[in-house]
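Note sheet for the following structure.
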Amino acid sequence: MTSMLRRLALAAVVTIGAGAAFALAEGGGDLVVFDWSGYEDPLLHPAYTAKYGAEPSFSFFGDEDEAFEKMRAGFKADIAHPCSQSVVKWREAGLLQPLDTSRIAGWKDLNPGIMAMKDLATTADGKAWFMPFDWGNTSLLYRTDKVTADEAQSLKIFADPKFKGRVTIGDNVDDAYALASLVIGLKDWTKMTDEQFSQASAFLRDVHKNIRFYWTDDTDLNQAFTGNEVDLVWGWNETYVTLKGQGLPIEMNRNTREGLSTWVCGYVLMKDAPGKLDQAYYFLNAVNAPDVSEYMVKTFGYGHGNSAGMAAMDQKLLTERGFDNLDKFLDKTLFQQPVAPELKQRMVAEFEKIKAGY
235 MTSMLRRLAL AAVVTIGAGA AFALAEGGGD LVVFDWSGYE DPLLHPAYTA
285 KYGAEPSFSF FGDEDEAFEK MRAGFKADIA HPCSQSVVKW REAGLLQPLD
335 TSRIAGWKDL NPGIMAMKDL ATTADGKAWF MPFDWGNTSL LYRTDKVTAD
385 EAQSLKIFAD PKFKGRVTIG DNVDDAYALA SLVIGLKDWT KMTDEQFSQA
435 SAFLRDVHKN IRFYWTDDTD LNQAFTGNEV DLVWGWNETY VTLKGQGLPI
485 EMNRNTREGL STWVCGYVLM KDAPGKLDQA YYFLNAVNAP DVSEYMVKTF
535 GYGHGNSAGM AAMDQKLLTE RGFDNLDKFL DKTLFQQPVA PELKQRMVAE
585 FEKIKAGY
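Every number in our numbering is 234 more than the matching position in the sequence shown, counting from 1.
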């Protein structure tokens with residue numbers, strides 16, 4: 235069974251709604267993890283299951299804005315899995331509690347480049363709020379039997395009328411504006427001007443003319459690729475790793491003229507966590523264990539937050555995945571760091587108009 239099929243089968247078993255989250259028996263299932271679909275894979279936290287004899291209770295969100303609104307409306311979870319551009323927003327909204335790093339055995343092994351990013355894992359007062367877990371790219375994926383390597387050298391291809399009805403990008407405002415920012419030559423979107431916002435939005439409107447659908451998860455995306463529905467995707471590493479492994483004619487160009495987008499996601503401890511704190515910290519230790527690194531890189535195509543685990547891996551595999559040099563990895567990228575709340579709100583509102591055809 236492929237990794238994707240295995241995760242789909244697992245999701246069918248463990249996916250639960252908020253109302254059912256506390257109906258499980260005492261044990262590992264007492265812990266409620268609010269996560270992206272696919273991360274319930276037991277091989278991403280094997281030590282947790284070995285200790286408690288049960289999986290955590292997973293509930294899923296499609297994007298972080300949806301997760302944010304659900305939690306503000308009263309949904310309770312112990313741990314959640316936001317990405318870099320959302321951590322400040324969640325923290326300032328009072329949703330998080332600081333991490334006790336003395337209870338996380340591999341805290342000092344977390345990737346130093348990521349840990350040095352301003353206002354992400356820690357704040358100026360020394361408090362820790364976010365434990366990096368996975369990091370990767372949103373970049374150009376294309377079918378090599380439908381798109382030439384020369385055509386795939388620029389991100390502007392997404393707006394090329396030749397590919398009308400053959401394009402998909404994520405139903406995700408951060409990825410969408412990362413793409414548009416790169417196309418207009420902007421690598422630091424925190425400095426986006428009103429004029430640049432208009433230029434980026436105009437490009438997304440051009441892309442919309444070619445859109446077959448906006449994908450929401452890897453399952454939809456992989457099915458569209460294998461079903462010959464799309465030729466071009468603004469997508470994540472996992473799609474490339476999964477479909478390449480299945481023999482699909484697909485490539486991932488991380489070196490387009492405009493660059494690529496890089497994101498970092500990780501785990502946070504919720505302020506009103508309803509479960510047991512000991513279980514929460516054991517889960518954090520389990521996902522940060524060095525022996526998870528190789529599975530993360532091989533199966534998902536993402537980098538693991540634990541630098542010691544990454545360093546112990548086969549260099550050939552790291553090079554193949556593009557993770558052998560973090561400085562080089564980030565050099566030609568738009569890092570999806572937090573933007574001002576006002577700008578984020580403008581992006582959200584404008585993207586909804588674009589998707590509706592306005």
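Even glycine gets a Cβ: it sits at the ideal position worked out from N, Cα and C.
* Straight-line gap, P395 to D440 (C-alpha atoms, nearest Å) -> Taking the sequence shown and counting its residues from 1, the one referred to as residue 395 is at position 161. Taking the sequence shown and counting its residues from 1, the one referred to as residue 440 is at position 206. Going by the C-alpha atoms only, they are around 9 angstroms apart.
* Asked: Given T335, which residues of its chain have a CB within under 7 angstroms of its CB, disregarding the five upstream and five downstream residues?
  -> Counted from its first residue, the sequence shown places residue 335 at position 101. Contacts found: W341, A362.
* Asked: For the stretch 386-453, which segments carrying the beta strand (DSSP E) assignment without a break, of at least 3 residues, lie completely within its bounds, in sequence order?
  -> Here the runs fully enclosed are 401-404, 445-449.
* Under the rule that 16 or more other beta-carbon atoms within 10 Å means buried, what is N540, buried or exposed? -> If you number the sequence shown from 1, residue 540 lands on position 306. The Cβ neighbour count for N540, taken over all protein chains shown within 10 Å, is at least 16; the residue is labelled buried.
* Opening and closing residue of the alpha helix (DSSP H) in which Y516 lies -> Residue numbering aside, residue 516 sits at position 282 when the sequence shown is read from its first letter. For Y516, the enclosing alpha helix (DSSP H) has its first and last residue at 511-521.
* Take the Cβ of A255 as the centre, count every other Cβ of all protein chains shown within 10 Å, and call the residue buried at 16 or more, exposed below. => In the sequence shown, residue 255 corresponds to position 21, counting from 1. Any reading at A255 needs caution, since the residue's pLDDT is 35, under 50, leaving its predicted position unreliable; the model's value is listed next. The Cβ neighbour count for A255, taken over all protein chains shown within 10 Å, is at least 16; the residue is labelled buried.
* Asked: Which whole-angstrom value is the C-beta distance of T378 and I484, which I expect to be below 8 angstroms?
  -> Within the sequence shown, the letter at position 144 stands for residue 378. Within the sequence shown, the letter at position 250 stands for residue 484. Confirmed, Cβ separation roughly 7 angstroms.
* Would DSSP call F459 helix, strand or coil? -> Within the sequence shown, residue 459 is the residue found at index 225, counting from 1. Residue state, collapsed to three classes: helix.
* **Distance between N519 and V475 (C-alpha atoms, nearest Å)** => Mapped onto the sequence shown, residue 475 falls at position 241. Mapped onto the sequence shown, residue 519 falls at position 285. Cα-Cα distance, rounded: 26 angstroms.
* **C-beta atoms of R400 and R446 nearer than 9 angstroms** => Reading the sequence shown from its first residue, position 166 is the one you call residue 400. Reading the sequence shown from its first residue, position 212 is the one you call residue 446. Contact annotation: R400 and R446 have beta-carbon atoms nearer than 9 angstroms.
* **Coil, strand or helix - S271 by DSSP** => By 1-based counting over the sequence shown, the position of residue 271 is 37. Residue state, collapsed to three classes: coil.
* Starting from L333, follow its DSSP beta bridges and name the residues at the other end. => Stepping through the sequence shown from its first residue, residue 333 is reached at position 99. According to DSSP, which records beta bridges pairwise, L333 is partnered with A362.
* contact_flag[the stretch 570-586, the stretch 320-331] where n(CB pairs < 8 angstroms) is 3 or more -> Short answer: they touch.
* To do: Measure the CB-CB distance between S534 and D368 and report whether it falls below 9 angstroms.
  => Numbered from 1 along the sequence shown, position 300 holds the residue referred to as residue 534. Numbered from 1 along the sequence shown, position 134 holds the residue referred to as residue 368. A quick correction: the sequence has Phe, not Ser, at residue 534. Contact flag set, yes.
* Segment limits, alpha helix (DSSP H) that includes T186 -> Examination of residue 186 is not possible in this model, given that the chain is present from 235 through 592 alone.
* Roughly how many whole angstroms lie between the Cα atoms of G308 and L511? -> Against the sequence shown, residue 308 aligns to sequence position 74. Against the sequence shown, residue 511 aligns to sequence position 277. Going by the C-alpha atoms only, they are around 19 angstroms apart.
* Please report how far the alpha carbon of G287 lies from the alpha carbon of F302, in whole angstroms. => Reading the sequence shown from its first residue, position 53 is the one you call residue 287. Reading the sequence shown from its first residue, position 68 is the one you call residue 302. C-alpha of G287 to C-alpha of F302: approximately 30 angstroms in a straight line.
* What are the residues that DSSP puts in a beta bridge with T372? -> Here the question's residue 372 lines up with position 138 in the sequence shown. W470, S495, per the DSSP bridge assignment.
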